[in-house]
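Trainee:
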Amino acid sequence: MSIFEYNEEEELKKLGRAEYRKGKMDGRAEGKEEGRAEGEAEGRMKGKAESVLLALEMKGSVPEQLRTRILAETDGPVLEEWLKAAIETDTIEGFREKNGLKENG
Numbered sequence: 028m029s030i031f032e033y034n035e036e037e038e039l040k041k042l043g044r045a046e047y048r049k050g051k052m053d054g055r056a057e058g059k060e061e062g063r064a065e066g067e068a069e070g071r072m073k074g075k076a077e078s079v080l081l082a083l084e085m086k087g088s089v090p091e092q093l094r095t096r097i098l099a100e101t102d103g104p105v106l107e108e109w110l111k112a113a114i115e116t117d118t119i120e121g122f123r124e125k126n127g128l129k130e131n132g
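Residues in the sequence shown are numbered consecutively from 28, following the numbering used here.
#1: Using only alpha-carbon positions, find the residue among Ala64, Pro90, Leu83, Leu110 that is nearest to Glu130.
#2: Are the stretch 80-89 and the stretch 112-120 touching, with three or more C-beta to C-beta distances below 8 angstroms?
#3: Tell me, to the nearest whole angstrom, how far the beta carbon of Leu106 is from that of Met72; I am working on the premise that it is less than 8 angstroms.
#4: Indicate whether Lys75 and Gly103 have their beta-carbon atoms separated by less than 8 angstroms.
#5: Can you list, in chain order, the residues of its chain with a C-beta nearer than 6 angstroms to that of Arg96? Leave out the 5 residues immediately preceding and following it.
#6: List in chain order: all unbroken alpha helix (DSSP H) runs of 4+ residues lying wholly within the stretch 38-120.
#7: Candidates Glu46, Thr101, Met85: which alpha carbon is nearest Glu69's?
#8: What does the alpha-carbon distance come out to for the pair Leu98 and Glu108?
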């Protein structure tokens with residue numbers, strides 16, 4: 028076979044391998060971007076939760092159960108409401124009552 032001859036089967040295999048590699052690289056890039064976006068969102072939620080705790084700590088010692096509940100919250104609007112309540116209320120108990128976060132919940 029000369030260099031000018033075309034082997035369709037071999038060329039299709041090469042093309043398939045190249046497409047596979049490209050797909051794999053594209054998938055990795057997409058996965059990295061999704062992971063970065065998720066990490067940023069988690070970081071923002073953690074920052075909001077820590078802000079709620081900071082505002083509450085100015086009013087006294089935050090019980091561990093409440094601290095754990097606040098840090099577990101992942102809903103941004105809920106955390107924003109909690110932050111407002113933490114700033115507006117005079118006591119940790121007032122914050123709990125306003126937000127339905129009883130001693131056992």
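Where is the CB? At the ideal position from N, CA and C, for every residue including glycine.
Mentor: Working from what's here:
#1: Pro90
#2: yes
#3: 7 angstroms
#4: yes
#5: none
#6: 91-99, 103-115
#7: Thr101
#8: 14 angstroms
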